[in-house]
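Numbering-wise (the working numbering), the sequence shown opens with residue 381 and increments by one.
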Amino acid sequence: MKNLTEQQKLEYREMKKSRIQTIRKTLSDMTEEQRTQLIEKFGIVTTIEGHPLTAHNTCFLYAQTEKPVTIIGGFQQWRKAGRVVKKGEHSLLIFVPSQKSNEGKEAAGDDDVFFFTANVFDITQTEVVNE
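1) Classify Asn510 as buried or exposed, calling it buried when 16 or more other Cβ atoms lie within 10 Å of its own Cβ.
2) Would you list, in sequence order, the uninterrupted alpha helix (DSSP H) runs of no fewer than 4 residues that lie entirely inside the stretch 403-487?
3) Determine, for Phe475, whether the minimum Cβ-Cβ distance to residues of chain C falls below 9 Å.
4) Between the stretch 452-461 and the stretch 490-510, do at least 3 Cβ pairs fall closer than 8 Å?
5) Measuring alpha carbon to alpha carbon, tell me which residue in Phe440, Thr497, Trp458, Ala498 is nearest Val508.
6) Report yes if the C-beta of Thr427 is less than 8 Å from at least one heavy atom of the ligand COA; otherwise report no.
7) Alpha carbon to alpha carbon, what distance is there between Leu473 and Met410?
8) For Glu394 and Thr385, what's the separation of their Cα atoms in angstroms?
9) How is the beta strand (DSSP E) around Asn383 delimited, first residue to last?
10) Which residues in the same chain as Lys480 place their Cβ atom closer than 6 Å to its Cβ, once the five residues preceding and following it in sequence are excluded?
11) Please confirm whether Ala461 and Ile428 have their CB atoms less than 9 Å apart.
12) Are Val476 and Ala443 closer than 9 Å when you measure CB to CB?
13) Alpha carbon to alpha carbon, what distance is there between Leu433 and Lys396?
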């Protein structure tokens, strides 16, 4: 997005927002039983650090792709692990929790937590760095 015009950036944001809303609608229409069956069918997805994803994020990933997803990581995470994302691969989105900064305030409550999307790639979308 470095060399895009303001109009192109706006169009990209709108497209991304629409894509997320469509996927969220699909997930919200699923019952808890359907989500559980989906995870049982495809398995648990973990991050490159070995942390399992939440059921919601796992379903969110499977709603975006037909391919099985096993281990995910961000672009820089894969580089640090000695792998690079293959040219032409498209990222998948996950929701990442974050908290608002509460400098000088009491402990953060649930109201201070918000989510943003992060771009991730499956290990099948990467290859070992050729040095």
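Backbone N, C-alpha and C define an ideal beta-carbon position, used for all residues, glycine too.
So, from the listed chains and residues:
1) So Asn510 counts as exposed.
2) 412-422, 435-442, 455-460
3) In summary, chain C is missing from the structure at hand, where a single protein chain is found.
4) yes
5) Trp458
6) Here there are no bound small molecules, and the ligand COA is not part of this structure.
7) About 19 Å.
8) 14 Å
9) For Asn383, there is no enclosing beta strand (DSSP E), as DSSP marks it with neither H nor E.
10) Asp492
11) yes
12) no
13) 22 Å
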